[in-house]
Ligand code: C2E
Ligand code: MG
Ligand code: MG
Ligand code: MG
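Spelled out as structure tokens, the structure:
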């Protein structure tokens, strides 16, 4: 009898638990159909030169518009997409749309505006990843230097030869590589000298309290100096106020991104933002 096997054998089958897994299954089956039903949408958030305020690039941020669930944010479905492997086809769609948008901005403004795309570990390690990147670039006639792939430190923790080889191959193709959420991944810093990264994105939790917490200010300063001595550019994430921009300017942070400049915008509104802001890359 289950009773004699202790509490844990019951704990697995509470009604609450089956509700949770039912919800998960339901979400999974909706996610499976989301691509063909065209429920995904890319939003774009400006990344500006901290000193001049001029536009440098945009980060593509995925949204899922589901008729039942409404707009679902990536933190709610990317992990599920990873677990199920759906991230591979979703990620290809994102790459294609992002490159298409960037080449559209070039036509619209004549300017070379970069596009940053988030890549999750399973997608990165997929054997078809490098050719998916190459295809998105050539389909949209986009120079590889315009595309930046954002990878989190988490992905580097395994320290595998495979990871190193993929990074090297992408670098050889002249795609830019950045470390996203830098400072939160508990990773040894030594990877920075052996992998071909171009930039670091300082996690927004550090930027958040940069004016209130002297420790955060010290960390941000140290990250900027370290990055520069390794010839990496630095992007501050989550910049929300003018005093924060003043701090980042003073410390020489190359680029900034956050609500202070703009929230992530749907494609149409981002084009509008381009038209009205007249901000040009240097
Ligand atoms: P991330 O790459 O670190 O993206 C930055 C997140 O910070 C975005 O959240 C953005 O909306 C938010 N953000 C930007 N400025 C500010 C600000 O000033 N204040 C605050 N509080 N937040 C700000 P979002 O769009 O919800 O995306 C969350 C995460 O989901 C991303 O974090 C990224 O890791 C992942 N993600 C988004 N799109 C994709 C995608 O296409 N593929 C993959 N694999 N992951 C994605
Ligand atoms: Mg990112
Ligand atoms: Mg490089
Ligand atoms: Mg980030």
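Residue numbers (the UniProt record's numbering): 524 to 805. Ideal placement from N, C-alpha and C gives every residue a C-beta, glycine not left out. It should be emphasised that the depicted structure is a prediction, and the values quoted were computed from it without experimental measurement.
Where residue i falls, given that 16 or more other Cβ within 10 Å makes a residue buried
{"i": "residue 549", "result": "exposed"}
{"i": "residue 543", "result": "exposed"}
{"i": "residue 529", "result": "For residue 529, the predicted structure reports a pLDDT of 45, less than 50, and the residue's modelled location is therefore unreliable. A value from the coordinates is still provided. Per the 10 Å Cβ criterion, exposed."}
{"i": "residue 579", "result": "buried"}
{"i": "residue 615", "result": "buried"}
{"i": "residue 662", "result": "exposed"}
Contact set for residue i: own chain, Cβ-Cβ below 6 angstroms, skip 5 residues either direction
{"i": "residue 740", "result": "733"}
{"i": "residue 759", "result": "725, 730, 771, 776, 779"}
{"i": "residue 746", "result": "725"}
Check: residue i C-beta below 6 angstroms from any heavy atom of ligand 2
{"i": "residue 673", "result": "yes"}
{"i": "residue 588", "result": "no"}
{"i": "residue 641", "result": "yes"}
Residue i CB to nearest heavy atom of ligand 4 below 6 angstroms
{"i": "residue 703", "result": "yes"}
{"i": "residue 760", "result": "yes"}
Supposed contact pair residue j and residue i - C-beta distance, whole angstroms, cut 8 angstroms
{"i": "residue 565", "j": "residue 620", "result": "5 angstroms"}
{"i": "residue 584", "j": "residue 597", "result": "7 angstroms"}
{"i": "residue 656", "j": "residue 693", "result": "7 angstroms"}
{"i": "residue 793", "j": "residue 581", "result": "7 angstroms"}
{"i": "residue 689", "j": "residue 653", "result": "7 angstroms"}
{"i": "residue 781", "j": "residue 762", "result": "3 angstroms"}
Extent of the continuous beta strand (DSSP E) to which residue i belongs
{"i": "residue 566", "result": "563-572"}
Neighbourhood of residue i by C-beta, 7 angstroms cutoff - its chain only, sequence neighbours within 5 removed
{"i": "residue 660", "result": "622, 667, 670"}
{"i": "residue 703", "result": "641, 673, 674, 675, 724"}
{"i": "residue 632", "result": "797"}
Spatial neighbours of residue i in its chain, beta-carbon cut-off 8 angstroms, leaving aside the 5 residues before and after
{"i": "residue 608", "result": "645"}
{"i": "residue 796", "result": "569, 785, 788"}
Residue i, enclosing alpha helix (DSSP H) - first and last residue
{"i": "residue 613", "result": "610-632"}
Residue i Cβ short of 6 angstroms to ligand 1 heavy atom set
{"i": "residue 763", "result": "yes"}
{"i": "residue 598", "result": "yes"}
{"i": "residue 782", "result": "yes"}
{"i": "residue 601", "result": "yes"}
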